[in-house]
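Residue numbers (this note's numbering), protein chains in the order written: chain Y, 26 to 39; chain X, 92 to 345.
No residue lacks a Cβ here, since even glycine has one placed at the ideal position from N, Cα and C.
Small disclaimer: the values here were computed from a predicted structure and weren't measured.
One structure is given below, encoded as structure tokens.
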């Protein structure tokens, strides 16, 4: 869901 | 790795095991770290235990140990409250040895836990300059999460320069708790301290906040760091050796 994607994006982007 | 107070390790395990059932412990010369997401990938936990925080610590080569936190918790429940704890893994072994020693050296318990084969996905945690950093008693935060969970399953956290407000609403109605920033700080540990660059208002699932509070016995204070469109960081320091940091995605009103 949005939150999962949000968290993964936040950490992945790094 | 040897801890004079094995209870510290038990508190770490109790703080993690509800959020993640099993995790990969990365052991190196610098100490032990762990990073894991909960099953729904909405929260992430990052543990750091630096080598200098242990009474003695040796790691001849880096190891990634897949450990069931649930099993580890069961074994640690057998530990005496003043026991020292030594955890060791022999080279090319498929298990971890947990040794507990009573304070007056008259009782020695040894357990061996089978290691698990877990694929460890490592995410980079960016250094974030948060809009707002709150320090407050961890017991107070635990209490607020428990009280707010009565009223609803989400908690809105709003910060202003006066203080921080937690509010929840649901079928029963709504409730809020406002903490005023402590002015005359006698005891740092009981103070509510807010460093704010700009006000934030974010909503989080209280179920996760309550799970994070299982780590509260580690530290009298909890740190909450918030920025808009950024996961909350909830930090419990481990005295002289590191920290447990929980990250939680804010609820995004669809």
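6 angstroms CB neighbourhood of residue i in its chain, flanking five on each side removed
{"i": "residue 322 of chain X", "result": "338, 339, 340"}
{"i": "residue 225 of chain X", "result": "255, 285, 315"}
{"i": "residue 117 of chain X", "result": "124, 155"}
{"i": "residue 290 of chain X", "result": "250, 251"}
{"i": "residue 115 of chain X", "result": "155, 157, 209, 211"}
Residues near residue i by beta carbon distance below 8 angstroms, same chain, minus five either side
{"i": "residue 172 of chain X", "result": "98"}
{"i": "residue 320 of chain X", "result": "341"}
{"i": "residue 203 of chain X", "result": "186, 187, 188, 189"}
Enclosing beta strand (DSSP E) for residue i [first to last residue]
{"i": "residue 265 of chain X", "result": "265-271"}
{"i": "residue 303 of chain X", "result": "From DSSP, residue 303 of chain X is part of no beta strand (DSSP E) but of the alpha helix (DSSP H) over 297-303."}
{"i": "residue 336 of chain X", "result": "333-339"}
{"i": "residue 431 of chain X", "result": "Missing from the structure shown is residue 431 of chain X; chain X here goes from 92 to 345 and no further."}
{"i": "residue 247 of chain X", "result": "245-250"}
{"i": "residue 202 of chain X", "result": "199-205"}
{"i": "residue 328 of chain X", "result": "323-329"}
{"i": "residue 313 of chain X", "result": "312-317"}
{"i": "residue 189 of chain X", "result": "186-192"}
{"i": "residue 287 of chain X", "result": "284-287"}
{"i": "residue 126 of chain X", "result": "122-128"}
{"i": "residue 114 of chain X", "result": "113-119"}
{"i": "residue 259 of chain X", "result": "254-260"}
{"i": "residue 152 of chain X", "result": "Looking at the DSSP string, residue 152 of chain X is not in any beta strand (DSSP E), and its letter there is neither H nor E."}
{"i": "residue 131 of chain X", "result": "Neither: residue 131 of chain X is in no beta strand (DSSP E) and is coded neither H nor E."}
{"i": "residue 176 of chain X", "result": "175-179"}
Cβ neighbours of residue i in the same chain (closer than 7 angstroms, five flanking residues each side left out)
{"i": "residue 146 of chain X", "result": "93, 94, 95"}
{"i": "residue 298 of chain X", "result": "244"}
Proximal residues of chain Y, C-beta to C-beta of residue i below 7 angstroms
{"i": "residue 135 of chain X", "result": "32, 36"}
{"i": "residue 340 of chain X", "result": "28, 31, 32"}
{"i": "residue 132 of chain X", "result": "29, 32, 33"}
Element boundaries [alpha helix (DSSP H), containing residue i]
{"i": "residue 97 of chain X", "result": "97-107"}
{"i": "residue 241 of chain X", "result": "229-242"}
{"i": "residue 37 of chain Y", "result": "27-37"}
Identity of the residue in the options nearest residue i by Cα
{"i": "residue 312 of chain X", "options": "X:330, X:253, X:295, X:207", "result": "X:330"}
{"i": "residue 233 of chain X", "options": "X:282, X:266, X:303", "result": "X:303"}
{"i": "residue 229 of chain X", "options": "X:109, X:301, X:275", "result": "X:301"}
{"i": "residue 251 of chain X", "options": "X:318, X:193, X:219, X:186", "result": "X:318"}
{"i": "residue 104 of chain X", "options": "X:132, X:137, X:133, X:119", "result": "X:137"}
{"i": "residue 292 of chain X", "options": "X:273, X:262, X:336, X:223", "result": "X:223"}
{"i": "residue 278 of chain X", "options": "X:218, X:227, X:309, X:266", "result": "X:227"}
Neighbouring residues, chain Y, relative to residue i (Cβ below 8 angstroms)
{"i": "residue 235 of chain X", "result": "What residue 235 of chain X touches in chain Y: nothing, since even the nearest Cβ is about 22 angstroms away."}
{"i": "residue 343 of chain X", "result": "27, 28, 31"}
### Query
Going along the segment 200-223 of chain X in order, which residues come within less than 7 angstroms of chain Y, judged by CB to CB distance?
214, 215, 216, 217
### Task
Closer than 9 angstroms, Cβ to Cβ, to anything on chain Y: give me those residues from the segment 307-321 of chain X, in chain order.
320, 321
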